[in-house]
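Each residue of the sequence shown is one higher than the last, beginning at 0 in numbering that gives the first Met the number 0.
One structure is given below, encoded as structure tokens.
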Amino acid sequence: MQGRAGHRGAHAGMGAQDFDEAPFLVIWETTQACDLACKHCRAEAQPDRHPAELSTAEARALLEGVRRFGPIIFVFSGGDCLKRPDIVELAAYGAGLGLRMAATPATTPLATRAKLRELHEAGLKRIAVSLDGSHAGIHDAFRRVDGSFDHGLRILRSAREIGMSTQVNTVVARHNLDDFDDLCRLMETLGIVFWEVFFLVPIGRARPEDVASAEEFEAVFHKLYDLSKTAPFDIKATAAPQYNRVVLQRKLLERRGDGAADVLTDGLEHSLRDGIGRARGVNDGDGFLFVSHTGEIFPSGFLPVAAGNVRGDDIVDVYRNAPLFRRLRDRSLLEGKCRVCEFRPVCGGSRARAYATMGDVHESEPFCAHVPKRWQRLIDGGNVEPVAEYFRARMRRNGIALPVFGAPAVPS
Ligand code: SF4
């Protein structure tokens with residue numbers, strides 16, 4: 000790729016990967032249809048399938064296109080992927096092409112043991128379910144359907160019994176911060192190989208005031224790092240590359256700066272057991288690509304700026320060459336404190352949250368509690384405004400109404 004700073008990511012146990020050439024994973028929003036109506040639903044899911052969803056033939060072509068990146072991870076997301084009658088056929092097709100297939104069905108009665116077995120036999124390696132609280136009271140209120148929590152536990156149990164590896168996805172927001180310690184304890188009992196913790200991005204049904212503050216995020220990062228040392232599963236923070244910064248800071252402290260710290264945790268790479276694995280340095284459009292139910296190609300499911308559509312564009316070409324994707328992989332274009340941050344190579348801030356809250360994919364991540372040394376020196380020298388004022392000024396400049404987050408969410 001000419002004319003920009005390249006970026007290398009890495010798979011745990013699988014060597015370096017050039018994210019300029021191929022993403023680590025592709026997520027396809029198979030359908031918007033879902034029987035849940037979650038408060039923070041990114042997809043703004045509906046009960047029925049959209050008439051313009053990708054057809055089976057188009058989905059097969061999508062899988063073929065993605066395979067040209069290599070044998071990467073392909074995830075069926077939604078909505079609820081089980082609302083598509085062709086999902087088992089597509090799982091088999093993707094696995095036959097050599098893609099590492101996974102799915103995130105909704106926690107509803109549709110995810111029967113028989114359906115899970117069909118998917119497993121078709122070649123699906125891992126199933127991920129959402130659990131957003133340590134008990135039904137918190138989870139079901141969030142998902143807005145009674146019984147959703149129990150279905151989640153049932154799906155995990157059934158999948159394990161038929162030999163499929165399992166993952167839990169959790170959205171962290173204001174509503175479950177007080178429950179987080181109990182959630183951590185629950186995770187240790189579930190036999191999962193991977194816990195993916197999503198830090199809320201205020202798009203879809205999620206409102207800015209639902210997002211926790213930068214300081215509250217920071218406290219969760221430290222809890223996750225502590226847990227990662229002993230947990231029988233790997234942990235990933237999604238829409239929060241700041242977690243990489245916290246891991247690095249903690250390891251450097253613990254190792255007294257021997258320079259060998261890695262932003263992957265010291266875990267036992269539990270998530271490699273099913274061949275799915277994990278990667279470091281993934282960010283929106285940088286190691287990651289999202290395809291909507293109607294085929295639009297996005298840098299992530301939380302960054303709703305399309306760079307093409309699989310119905311008319313070559314997905315490999317869009318990922319490698321579309322200006323949006325290229326700019327997102329060029330961290331020298333970042334602004335504000337992310338631009339001068341010493342952790343920029345391993346973090347870069349959530350581009351989706353910068354866009355959702357600041358209106359610009361290159362803006363500084365407003366939900367990071369870190370004040371980079373160079374930024375502090377600029378403040379001390381009178382060359383830039385303190386952090387909170389910087390964000391307020393940028394929001395004014397971008398025409399975003401104030402207050403956007405409420406006081407706690409803007410770092411001060
Ligand atoms: S300032 Fe930006 S790059 Fe630095 S740790 Fe925070 S979010 Fe990451």
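All C-beta atoms, glycine included, are put in the ideal place defined by N, C-alpha and C.
What does the Cβ neighbour count give for residue 259, buried or exposed, with the cut at 16 atoms within 10 Å? For residue 259, the predicted structure reports a pLDDT of 48, less than 50, and the residue's modelled location is therefore unreliable. A value from the coordinates is still provided. Exposed: under 16 other Cβ atoms inside 10 Å.
In chain order, what residues of the same chain lie with their CB nearer than 7 Å to the CB of residue 22, ignoring the 5 residues before and after it? 68, 71, 286, 287, 288 and 318
Thinking residue 176 and residue 211 are a contact (beta carbons under 8 Å), I'd like their distance in whole angstroms, please. 6 Å
How would you write the range of the alpha helix (DSSP H) that residue 314 sits in, first residue to last? Counted as a single uninterrupted DSSP element, the alpha helix (DSSP H) harbouring residue 314 occupies residues 314–320.
Cα-Cα separation between residue 30 and residue 183, rounded to whole angstroms: 31 Å
Mapping the DSSP letters down to three states, classify residue 262 as helix, strand or coil. In this prediction, residue 262 scores a pLDDT of 48, lower than 50, which makes its location untrustworthy; the coordinate-derived value is nonetheless stated afterwards. In the structure shown, residue 262 sits in coil (DSSP, three-state: anything other than H, G, I, E or B).
DSSP three-state label for residue 307, please. Secondary structure of residue 307 (DSSP, three-state): strand.
Can you tell me which of 234, 308, 329 and 99 puts its alpha carbon nearest to the alpha carbon of residue 187? Comparing C-alpha distances from residue 187 to each of 234, 308, 329 and 99 shows the shortest one belongs to 234.
Look up residue 137 in the DSSP assignment and say whether it is helix, strand or coil. helix
Expressed to the nearest angstrom, what Euclidean distance is found between the alpha-carbon atoms of residue 55 and residue 302? 26 Å
Within the present structure, is the beta-carbon of residue 412 separated from the nearest heavy atom of the ligand SF4 by less than 6 Å? Nothing about residue 412 can be read from this structure; the chain reaches only from 0 to 411.
Who are the Cβ neighbours of residue 242 in its own chain at under 7 Å, not counting the five residues just before and after it? Within the same chain, residue 242 has close Cβ partners 220, 223 and 236.
Whole angstroms is fine: what's the gap from residue 304's alpha carbon to residue 360's? 10 Å
Cutting at 8 Å between CB atoms, please list the residues of its own chain near residue 149, excluding the five before and the five after it. 135
Suppose you measure from the CA of residue 171 to the CA of residue 197; what does that come to, to the nearest Å? 6 Å
Please tell me whether residue 367 and residue 213 are closer than 7 Å, where the distance is taken between their beta carbons. yes
Please report the residue range of the beta strand (DSSP E) in which residue 101 lies. 99–102
What is the rounded straight-line gap between the Cα of residue 312 and the Cα of residue 62? 14 Å
From which residue to which residue does the beta strand (DSSP E) around residue 195 run? 193–198 is the span of the beta strand (DSSP E), which, as asked, contains residue 195.
With hydrogens ignored, establish whether the beta-carbon of residue 342 is closer than 6 Å to any heavy atom of the ligand SF4. yes
N- and C-terminal bounds of the alpha helix (DSSP H) containing residue 157: For residue 157, the uninterrupted alpha helix (DSSP H) segment begins and ends at 147–160.
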